[in-house]
Amino acid sequence: MTREPEPPFAMLAELSHRCPLRCPYCSNPLALEPAAGELDTATWCRVFDEVAEAGALQVHLSGGEPCVRRDLEELVAHAARAGLYVNLITSAVTLDRARLERLRDAGLSHVQISFQGTEPAEADRIAGMPGAHARKLRAAREVVETGLALTVNAVIQRSTIERVDAFFDLALDLGAGRIEIANVQYYGWALANRAALMPTRDQLVRMDRRVKERLPSLKGRLVVDYVVPDYYAHRPKACMGGWGRRFLNVTPTGKVLPCHAAETIPGMVFETVFDRPLGAIWRDGAAFVRYRGTDWMPSPCRECDRKEADWGGCRCQALAITGDAGATDPVCDLSPLHHRMAEIAERDAAADPPLLYRDPTAKAPPAEAAPARAAHR
Amino acid sequence: MSSAPPRPAPVAETDRVRLAPGVVLRHDRTRDQWVLLGPERVLVLDETALEAVRACAAPGPGADGASVGEGIDRLAAAFDAPRDAIAGDVLELLDDLRNRGFLTR
Ligand code: SF4
Ligand code: SF4
């Protein structure tokens, strides 16, 4: 029996997997979806109407790089007309003033720009593109000058984790209203690069202390989004606010997913936007029902009083670490496999392999990695 | 000697506040409620909070640079309530919304 779920809160629309950058921490799948298969303008517009009808309040336009879509202005205008709060999640290297003004006039509510570092050379090295940082700085200032709201997405991994103060200063200097301290999550390309990106426990403790010291003085000036990274935590996060409870993702070719890494889970069947209206897929689509609520839970989640707080954590992480997507998230120290998290973190933090840059021609995922998505996060 | 980092002064009646950039006030028709929306955030407003935001921080024309104190005057008149009884609550609410980044001065 299926209970009627709460309506969705937001949709992540991955407009394209194309991107001018090559970030090794990208959470796009190793096998990127081809440009030729991307949904056309009319289909995206229909999808926005359907998701608004289903009750969503926000749409995040993401990728890859959403600005590679020539119809971005049209898509923003349509989503705004559908009543959605429209957020653009971008690397910003191709954004200019004229386009920002057009996007603002089309009804864009907010722009989020990822920063791969605070030092130009280091940031450009991570982005895999010379000059990227300077372009981002210029675009970020233009966002604010255009009157749009700005979030700085501070990409935190081993080589940038010591610079969390500089990221705060950067956000204040740019006039951002919000900063996301975005500790890299290990999906897609990031999973393949985990041993090059994982910070040490000491680094993490120092960063955590610095963030907490800065928070009081930022009150009312800068909204700070910060969560302790998974690999060193004791309790999992409610991944995506709980499976099939708050969010849904649509990939560039139109697959409808409950979370950014859901495609890594074997045996899952995903509907596409051509199969049924989004509201119906949300309500009783097999992939959404699979881990929604608490009925699917194993021990120790089943008996736990936090089960409706964290919903058992992340299914894709459970799969990546335990081999079973239906297991308790091993981030939880009640999981019998919790010790593996620390073992992996310590092993990877001590390793120093070269970065594997995101490459659109890659076809077969390396052994341990599997496709996932939700870039910039 | 250690001193606490500077905190912003609380919202006062002489301040002028408005919705922060990127924050919108919207009616959510599916759930039939009023909300403030920001990036990846939603705040459900109860009736009191909605009226306070409308009177003191309403977007668009009509906001016309009225101060928080003038907003409280309007609320007292509209609800036929003693001004003193509502002023404290409204200031506290606006201060909370400001600290959480929904409003700005
Ligand atoms: S993380 Fe974002 S900017 Fe970097 S390669 Fe992936 S999609 Fe592009
Ligand atoms: S046992 Fe399950 S529900 Fe309880 S805290 Fe751990 S992950 Fe959450």
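From first to last, the protein sequence lines stand for chains A and B. Going by this note's numbering, the first sequence opens with residue 1, and the numbers climb by one from there. Going by this note's numbering, the second sequence opens with residue 1001, and the numbers climb by one from there. Glycine included, C-beta positions come from ideal geometry on N, C-alpha and C.
Item, Value
"Under a three-way DSSP split, which group does Gly1101 of chain B fall into?", "coil"
"Closer than 9 Å, Cβ to any Cβ of chain A: which residues of the region 1028 to 1046 of chain B, in chain order?", "Asp1028, Arg1029, Thr1030, Arg1031, Val1035, Leu1037, Gly1038, Pro1039, Glu1040, Arg1041 and Val1042"
"From Pro66 of chain A to Thr272 of chain A, what does the alpha carbon distance come to, in whole angstroms?", "20 Å"
"Where do the N-terminal and C-terminal ends of the beta strand (DSSP E) with Arg206 of chain A fall, by residue?", "Per DSSP, Arg206 of chain A belongs to no beta strand (DSSP E); it is in the alpha helix (DSSP H), Arg201 to Leu218."
"In the structure shown, what three-state DSSP assignment does Leu1019 of chain B receive?", "strand"
"Counting only Cβ pairs nearer than 7 Å, list the residues of chain B close to Gln112 of chain A.", "Pro1039"
"Out of A:Ala192, A:Arg3, A:Leu204 and A:Leu278, which has the shortest C-alpha to C-alpha gap to Glu53 of chain A?", "A:Leu278"
"What is the DSSP secondary structure of Met240 of chain A, counted as helix, strand or coil?", "helix"
"Evaluate contact between the region 213 to 232 of chain A and the region 241 to 256 of chain A, counting only Cβ atoms and requiring at least three cross-stretch pairs below 8 Å.", "no"
"Do Thr151 of chain A and Ala176 of chain A have their C-beta atoms closer together than 9 Å?", "yes"
"In whole angstroms, what separates the C-alpha of Gly147 of chain A from that of Arg245 of chain A?", "33 Å"
"Which partner residues of Leu1035 of chain B appear in the DSSP bridge assignment?", "Here the sequence assigns Val to residue 1035 of chain B, which means Leu is not the residue at that position. The partner list for Val1035 of chain B (beta bridge, DSSP) reads B:Arg1026 and B:Val1044."
"In chain B, which residues lie with their C-beta within 8 Å of the C-beta of Leu57 of chain A?", "Arg1026, Asp1028, Val1035, Leu1037 and Val1042"
"Would you say Pro258 of chain A faces chain B, with C-beta separation under 9 Å as the test?", "no"
"Residues in the same chain with beta-carbon distance under 6 Å from Asp310 of chain A, minus the five sequence neighbours each way, listed in chain order, please.", "Pro236 and Ala238"
"Report yes if the C-beta distance between Val111 of chain A and Val68 of chain A is below 9 Å; otherwise report no.", "no"
"Hey, is Leu334 of chain A close to ligand 2, as in C-beta under 8 Å from one of its heavy atoms?", "yes"
"Would you please verify whether the beta carbon of Glu368 of chain A is less than 9 Å from any beta carbon of chain B?", "Residue confidence for Glu368 of chain A is low, a pLDDT of 40 falling below 50, so the modelled location carries little weight and cannot support an answer."
"Is Ala127 of chain A close to ligand 1? I mean its beta-carbon at under 8 Å from any heavy atom of the ligand.", "yes"
"In chain order, which alpha helix (DSSP H) runs of at least 4 residues are fully inside the region 290 to 330 of chain A?", "307 to 310 and 315 to 322"
"What is the rounded straight-line gap between the Cα of Glu368 of chain A and the Cα of Asp1046 of chain B?", "For Glu368 of chain A, the predicted model reports a pLDDT of 40, less than 50, meaning its position is unreliable; a value from the coordinates is still stated below. Whole-angstrom Cα-Cα distance: 49 Å."
"Which residues of chain B have a Cβ atom closer than 8 Å to the Cβ of Arg178 of chain A, listed in chain order?", "Gly1022, Gly1038, Pro1039 and Gly1101"
"For the putative contact between Asp348 of chain A and Ala195 of chain A, defined by C-beta atoms under 8 Å, what is the C-beta separation to the nearest angstrom?", "4 Å"
"Within the present structure, is the beta-carbon of Gly63 of chain A separated from the nearest heavy atom of ligand 1 by less than 8 Å?", "yes"
"Using three-state DSSP, classify Asp96 of chain A as helix, strand or coil.", "coil"
"Keeping to the same chain, check which residues put their C-beta closer than 7 Å to that of Ala17 of chain A; ignore five residues upstream and five downstream.", "Correcting the residue identity first, residue 17 of chain A is His in this sequence and not Ala. For His17 of chain A, where only same-chain residues beyond five positions count, the Cβ hits under 7 Å are Asn28, Leu32, Glu33, Gly63, Gly64 and Pro252."
"For a contact meaning CB atoms closer than 8 Å, what does Val130 of chain A contact in chain B?", "Here the sequence assigns Pro to residue 130 of chain A, which means Val is not the residue at that position. Neighbours of Pro130 of chain A on chain B: none; closest Cβ ~30 Å, over 8 Å."
"Please name the residues in the region 1078 to 1098 of chain B whose beta-carbon is closer than 9 Å to at least one beta-carbon of chain A, in chain order.", "Asp1095 and Arg1098"
"Give a single yes or no on whether Ala280 of chain A has its beta carbon closer than 8 Å to a heavy atom of ligand 2.", "no"
"Leaving out the 5 sequence neighbours to the left and right, which residues in its chain are closer than 6 Å to Cys314 of chain A when beta-carbon positions are compared?", "Cys239 and Asp329"
"Establish whether the CB of Asn87 of chain A and some CB of chain B are separated by less than 9 Å.", "yes"
"Indicate the three-state DSSP secondary structure (helix, strand or coil) for Leu108 of chain A in the structure shown.", "coil"
"Alpha carbon to alpha carbon, what distance is there between Arg210 of chain A and Asp202 of chain A?", "12 Å"
"Taking the alpha carbon of Gly128 of chain A as the reference point, which residue from A:Val93, A:Ile113, A:Glu101 and A:Ala106 has its own alpha carbon closest?", "A:Val93"
"Would you say the beta carbon of Arg1031 of chain B is closer than 8 Å to some non-hydrogen atom of ligand 1?", "no"
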